[in-house]
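Colleague: Residue numbers (the numbering used here): 1 to 1066.
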Amino acid sequence: MEYKFRDIEKKWQQQWINTNAYKVSNVSDKPKFYVLDMFPYPSGAGLHVGHPLGYIASDIYSRFKRLKGFNVLHPMGYDAFGLPAEQYAIEHGVHPAVSTDQNINNFRRQLDNIGFCYDWDREVRTCDPGYYKWTQWIFLQLFNSFYNRKTNKAEKIDVLIASFEAEGNATHPIPNSQFPITAFTATEWKAFDEKTQQDILMQYRLAYCGYGEVNWCEALGTVLANDEVVNGVSERGGHPVVKKKLRQWYLRITEYADRLLEGLERIEFSESMKEMQTNWIGKSSGAEITFEIKRPPLTPPEGGDWQAAEQNRDNPTEEENRLWQRLRANQTGHHIRRQHIIDQYIVDFISIDKKVTIEVDGGYHNDAEQKQYDEVRTAFLKELGYEELRFTNEEVRNNIDAVVEAITQKLNSKPSVGQVSPSGEDLEGATLTVYTTRPDTIFGVDFMVIAPELDLVDQIKSAEQTTAVDEYIAYVKSRSERERQAEKKISGVFTGAYAVNPFDGREIPIWISEYVLAGYGTGAIMAVPCGDDRDFKFAQHFNIPITNIIGKHFNGEEANATKDAVLENSGFLNGTPMREAAEIVINKLEELGIGTRKVNFRMRDAAFSRQRYWGEPFPIQWKGGTAYPLSETELPLLLPEVDSYSPGPEGEGPLANIPEWVAKELETNTMPGYAGSSWYFLRYMDPKNEHAFCDRTVSDYWNQVDLYIGGTEHAVGHLLYSRMWTKTLYDLGHIGHDEPFKKLVNQGMIQGASRFVYRINGTNTFVSKDLLKSEEEYEGKKLDKLHVDVNFVDGYELDVEAFKKWRNNEHANAEFILENDKYICGSEVEKMSKSKFNTVNPDDLVNKYGADTFRMYEMFLGPVEISKPWDTKGIEGVHRFLKKLWRLFYDEVKGQVWNNDKATDAELKVLHKTIKKIEDDTERFSFNTGVSTFMIAVNELSDLKCHKKEILEPLLVLLAPYAPHIAEELYRRLQVSPSGGDLEGAFSILDANFPKFEAKYVTESTKDYPVAINGKTRTELTLDLSITQQEVEAIVLANETVQKWLEGKQPKKIIYVKNKMINVVI
RNA sequence: GCCCGGGUGGCGGAAUUGGUAGACGCAGCAGACUCAAAAUCUGCCGUUCGCAAGGAUGUGAAGGUUCGAGUCCUUUCCCGGGCACCA
């Protein structure tokens, strides 16, 4: 009777469905255990052998816990919204819902092959309205909440409004210090119009709207991710990419920064994972310091009475003021500032982002001299790319609405040219604010570096440096943030302006360089070259003199970031240890009102919208530029059908092309991929609930995910967002725990083992690998190295006939130069991907060897958390093991060989050794050594010719989590045979009890000790475990081998470590 | 560039707490069974010197700590993941 895995696996999979074997109840006396796999995106390429790695690990663990008496929740579902489906729709015209559905079906079919114990009644799909209704609902919770810094948790926005009505915002200052309105009283709050009130509330909401830059590719008509932009052009097609500012939703995750850090102490993530999250959050403390800027002198234009013109402009008119009140604070949806210097001119108003200037002409513009001046000026500005709008005082006085409307329309119609930092009104008497973690080094500041995209640059650049600065900015605009950070080449330009050190009045040159990013801190740093490596290299490169404030700690060769120095060249700080100086400086700064103590986070608020179709619509309606939430009863807001997946007229999402949608003033952005995946683990608990995202009693029962398995690629994305959502839901009282995942196990990637063939360039002749001296040429002729499908390479040997037929007989006429009648391929380890022809489909392997073999082999490959290349060859060994196991029960010739004989001590020792090791290994996720242990056990039992039920039955229970089908078959056979009976009626192994380890069967009284001389093992001695040091010494010294090495000398020392080893030191 | 991993035979890996490096499996070699093949079974299998006994050497590289280092420390090289619109 042979091992017919196909029949066995099919039979039990069906039987398990029939008996609802994997159904999980929310009510149980057993302790609960929640095992979760990271939410898969159902890609069109289907599963390759890398995908199920984590699923098999979690499946084994779930089954193990069930055997241990737990009520185990182990669900699966699909993160079904996402870009690939939309991209596929654009390319093939198939609706994303349709292709996603197909992909899911295929995904499911492939998963079912492998025999997982998922409770499929709990499946969820993020694109299902029954699911995204609750994603929208949670979004509304975020929108209708603010972070109360006093109670340190999220609270209803109503609480904030009540507080405003009672006492203004004294208790809850606006989080955004750049917002035009800073403080208001209760009376003022009540006097604000609705729009102003809503604008203010938006500054507090946990989900809020703002403006952010995106990579805009006009040719592709889409926004691109950073990694889709290479060298300033799109990866697909190489089209130019520009920065575009669009309205975006954000989540105020920064408010949770401290709690996200604190929570790490209460969860079992690997240290490296915690470190990554900690670094991402990037908490630092230091000071924000404001430096005055010494302005570059204005130089007069050619001809004209520029002085008079300047003077006129220095005193804003009544009309200018009135217009300003309508333009300030983004009321037009655009950031506008007034009295802005461009080169040697000052314009009344400007949108730097759109390169539009606005002039309000008073009477004095009628005199001839002024006219000439204006013409020169207009021409000059035009040259720089500015478009000028002019209005008369009368227009502003009599019909200001029309003026504002005209300005808004003009601004809407123009493309965005770059980032504008929302840095308040105008910057007259300009200052530069930097954030530093080392205020103690204030006297060592030799230059400043500011992000090139800051508006301030335009304002402070000198006439001489204008060209260089503008050229550099143009260069930086073409660079992605990633490229800027990764650039090794030092680059930058002096702005021509100087900041003034407040303590010694030293003038510090201000530079711009791409390595400073606008989004981090204030977008400006004070550079201390003697103490910071990058600053040092920058100073060296541009020959900026370096001030040494740390004496002998700085050798002039490289920077030294020490905090142990005593300060020199540091004015009033001379002689002060650095560690004390920071405090002194901060106090002094605060005293002078030019700086504040500041805790800074590297983490930014999370961008929460996409200009895409295939995502959750926001339950938001815009009325007169103000966002209003839909009511809960209007959920779900269904994703409508669209004719085209191209973006809206201003780069908005495709929803902007639907007239009815736009007419209802509904939000045209959709939510990003991580919306649905930030809370799915809660929905699995109560997947069909129509009245709540998850019933509170149910979430209280299942509580945290006890074990979460997934890749490190989610370290700082999904794993932070879902932690934040959980905390918000907890704060608002919807769930009872504030950390979603108790324990995280990371799974490594399975890489592809690519195979290559070598074709002589320009011919159809392929040369076998080992005949080549190099991969580039063969007998003086150049070679083409081509990927070949690994599925027709056996190890390294190419199946030549299969290769000829590959891809429609593409190589039908190929000729081969063979070695020993074989074609040997080259190899490389690469990412597993269709384009590299190195994917291996689990379906094929399951078909050939069975699910149990496949499961065990995936585990056998190596530790689950380590990346390793796939090698199909090795699967044979695992398959042989299962066949060998089968032969302990049934023989091909003799039939049943298992019996009810009493087990011997040796057999019991094998069993209990195995129980202990499997229990330990499974518990610590060392599944590869677990598989080895089974192999050793079966080898040993085969050697002992042990066919005893007493030994084999518990062994099957141990094996059941790893190879459930064969274990179930044999386990039930042990129950009904030899008397015969109904296998299906027998008791299932799924609910067996995990065998109990008993130490008495494995205790040893002796140990084979390695005996080392000076640390090198020379011989072995079998000694009683109870032996003493003295006895050991006597026996060791009497040993022949030891005596030989001693050469008559006395040993200095004999080290004896019980149960470990003996070392004789000579 | 920054942050986090990883590097052990021909290959995947083992060595759980600083204590016999290479368990288990693949590939390879030799043999048994067989008309033959498959399947199965037995033996060998890091490198090197040696007939052997036995020795030397060996965990990416270079140093160090220790009676003893794959494991701890310092420096360094290579590979993989992440860096905020892939999921």
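Beta carbons are placed, not taken as given, at the ideal position from N, Cα and C, and that holds for glycine.
Along the alpha helix (DSSP H) that carries N105, what are the first and last residues, could you check?
Modeller: As a first step, residue 105 is located in the first sequence; it is residue number 105 there, counting from the start. It spans 96-114 - the alpha helix (DSSP H) in which N105 sits, taken as one unbroken run.
Colleague: Between the C-alpha atoms of I342 and V376, what's the straight-line distance to the nearest angstrom?
Modeller: To locate residue 342, count along the first sequence from 1; it is residue 342. To locate residue 376, count along the first sequence from 1; it is residue 376. Taking the straight line joining both Cα atoms gives about 14 Å.
Colleague: With DSSP as the reference, label G496 as helix, strand or coil.
Modeller: The residue you call residue 496 lines up with position 496 of the first sequence. The answer is strand: DSSP assigns G496 an E or B state.
Colleague: For P647, which residues in the same chain have their Cβ closer than 7 Å to its Cβ, ignoring the five residues on either side in sequence?
Modeller: Walking along the first sequence from the start, residue 647 turns up at place 647. The answer, listed in chain order, is G221, T222, Q611, G653, P654.
Colleague: Out of E155, R66, T187, state which residue places its alpha-carbon closest to the alpha-carbon of N169.
Modeller: Translated into positions along the first sequence, residue 169 becomes position 169. Selected option, being the one with the closest Cα: T187.
Colleague: With DSSP as the reference, please indicate the residues paired to K1016 in a beta bridge.
Modeller: Indexing the first sequence from 1 puts residue 1016 at position 1016. Paired residues: I1013.
Colleague: Between E288 and Q372, what straight-line distance do the alpha-carbon atoms span, to the nearest angstrom?
Modeller: Counting from 1 along the first sequence, the entry for residue 288 is found at position 288. Counting from 1 along the first sequence, the entry for residue 372 is found at position 372. Their Cα atoms are separated by approximately 45 Å.
Colleague: With DSSP run on the structure shown, which of helix, strand or coil describes M38?
Modeller: By one-based count along the first sequence, residue 38 stands at place 38. If DSSP states are grouped into helix, strand and coil, M38 belongs with coil.
Colleague: In terms of alpha-carbon separation, which member of S480, D7, N26, R696 lies closest to N226?
Modeller: As a first step, residue 226 must be located in the first sequence, where it is residue number 226. Taking only the C-alpha atoms, the option nearest N226 is S480.
Colleague: May I have the straight-line CA-CA distance separating R259 from S678, to the nearest angstrom?
Modeller: Here the question's residue 259 lines up with position 259 in the first sequence. Here the question's residue 678 lines up with position 678 in the first sequence. C-alpha separation (whole angstroms): 17 Å.
Colleague: Which runs of the beta strand (DSSP E) spanning at least 3 residues fall entirely within the region 708-784, listed in chain order?
Modeller: List check, beta strand (DSSP E) in window: 744-747, 750-760, 765-767.
Colleague: CB of S285 to nearest heavy atom of the ligand ADP: below 6 Å?
Modeller: Ligands are entirely absent from the displayed structure, and the ligand ADP is therefore not among its contents.
Colleague: Report buried or exposed for A1038, applying the criterion of at least 16 other Cβ atoms within 10 angstroms of its Cβ.
Modeller: In the first sequence, the residue the question calls residue 1038 occupies position 1038. Label assigned to A1038: exposed.
Colleague: Sort out for me which residues DSSP pairs K294 with in a bridge.
Modeller: Looking up residue 294 in the first sequence gives position 294. Paired residue(s): Y498.
Colleague: With DSSP as the reference, please indicate the residues paired to L73 in a beta bridge.
Modeller: Walking along the first sequence from the start, residue 73 turns up at place 73. L73 pairs with Y34.
Colleague: Can you look up Q465 in the DSSP assignment and give me helix, strand or coil?
Modeller: The sequence position of residue 465 within the first sequence is 465, counting from 1. Reduced to three states, the DSSP call for Q465 is coil.
Colleague: Does the beta-carbon of A474 have 16 or more other beta-carbons within 10 angstroms, so that it is buried, or is it exposed?
Modeller: As a position in the first sequence, residue 474 is number 474, starting the count at 1. It counts as exposed.
Colleague: Look at the alpha carbon of L990 and the alpha carbon of K65, and state the distance between them as a whole number of angstroms.
Modeller: Along the first sequence, read from residue 1 onward, the residue named residue 990 stands at position 990. Along the first sequence, read from residue 1 onward, the residue named residue 65 stands at position 65. C-alpha separation (whole angstroms): 11 Å.
Colleague: From D843 to K537, what does the alpha carbon distance come to, in whole angstroms?
Modeller: Here residue 843 corresponds to residue number 843 of the first sequence, with the count starting at 1. Here residue 537 corresponds to residue number 537 of the first sequence, with the count starting at 1. Cα to Cα, D843 sits roughly 55 Å from K537.
Colleague: Taking a contact to mean a Cβ-Cβ separation below 7 Å, would you say E739 touches I267 in this structure?
Modeller: Start at 1 with the first residue of the first sequence, and residue 739 comes out as number 739. Start at 1 with the first residue of the first sequence, and residue 267 comes out as number 267. Going by C-beta atoms, E739 is nearer than 7 Å to I267.
Colleague: Judging by CA-CA distance, which residue of V800, H334, F81, L327 is the nearest neighbour of I400?
Modeller: Stepping through the first sequence from its first residue, residue 400 is reached at position 400. Answer by Cα proximity: L327.
Colleague: For E268, which residues does DSSP report across the bridge?
Modeller: As a first step, residue 268 is located in the first sequence; it is residue number 268 there, counting from the start. Bridge partners of E268: K743.
Colleague: So for D59, helix, strand or coil by DSSP?
Modeller: The residue labelled residue 59 in the question sits at position 59 within the first sequence. Reduced to three states, the DSSP call for D59 is helix.
Colleague: Quick check on N393: does DSSP put it in helix, strand or coil?
Modeller: Counting from 1 along the first sequence, the entry for residue 393 is found at position 393. Helix.
Colleague: Cα separation between N841 and G46?
Modeller: Locating residue 841 in the first sequence gives position 841, where the first residue counts as 1. Locating residue 46 in the first sequence gives position 46, where the first residue counts as 1. The straight-line gap from Cα to Cα measures roughly 8 Å.
Colleague: If you compare alpha carbons, which of S827, E968, T182 is closest to D789?
Modeller: Taking the first residue of the first sequence as 1, we reach residue 789 at position 789. Closest option to D789, Cα to Cα, is S827.
Colleague: Enumerate in chain order the residues of its own chain whose CB-to-CB distance from T1041 is below 7 Å, with the five nearest sequence positions on each side excluded.
Modeller: If you number the first sequence from 1, residue 1041 lands on position 1041. For T1041, where only same-chain residues beyond five positions count, the Cβ hits under 7 Å are R1018, T1019.
Colleague: DSSP beta-bridge partners for C946?
Modeller: Working through the first sequence from its first residue, we reach residue 946 at position 946. DSSP output for C946 lists no bridge partner at all.
Colleague: Determine the DSSP secondary structure at S867, reduced to helix, strand or coil.
Modeller: What you label residue 867 is simply residue 867 of the first sequence in a count that begins at 1. The answer is coil: DSSP assigns S867 none of H, G, I, E or B.
Colleague: Of the choices A999, N574, A524, G523, whose alpha-carbon is the least far from that of N548?
Modeller: As a working note, residue 548 is residue 548 in the first sequence. Among A999, N574, A524, G523, the Cα nearest to that of N548 is on N574.
Colleague: Return the CA-CA distance between T437 and S285, expressed in angstroms with no decimal places.
Modeller: Counted from its first residue, the first sequence places residue 437 at position 437. Counted from its first residue, the first sequence places residue 285 at position 285. So the two alpha carbons sit approximately 6 Å from each other.
Colleague: Output yes or no for whether 7 Å exceeds the beta carbon distance between P640 and I620.
Modeller: Walking along the first sequence from the start, residue 640 turns up at place 640. Walking along the first sequence from the start, residue 620 turns up at place 620. Against a cut-off of 7 Å, the Cβ pair of I620 and P640 comes out as no contact.
Colleague: Just tell me which of L73, G69, V49, G50 has its CA closest to the CA of D59.
Modeller: Counted from its first residue, the first sequence places residue 59 at position 59. Checked all of L73, G69, V49, G50; the closest Cα to D59 is L73.
Colleague: Between the C-alpha atoms of I929 and R236, what's the straight-line distance to the nearest angstrom?
Modeller: In the first sequence, counting from the first residue as 1, residue 929 sits at position 929. In the first sequence, counting from the first residue as 1, residue 236 sits at position 236. One point to set straight first is that residue 929 is Thr, not Ile, in the sequence displayed. Using only the alpha carbons, I get a separation of about 44 Å.
Colleague: With three or more C-beta pairs closer than 8 Å as the rule, is the region 703-718 touching the region 233-249?
Modeller: Segments in contact, no.
Colleague: The beta strand (DSSP E) that contains W511, what's its start and end?
Modeller: Walking along the first sequence from the start, residue 511 turns up at place 511. Where W511 is concerned, the enclosing beta strand (DSSP E) stretches over 507-512.
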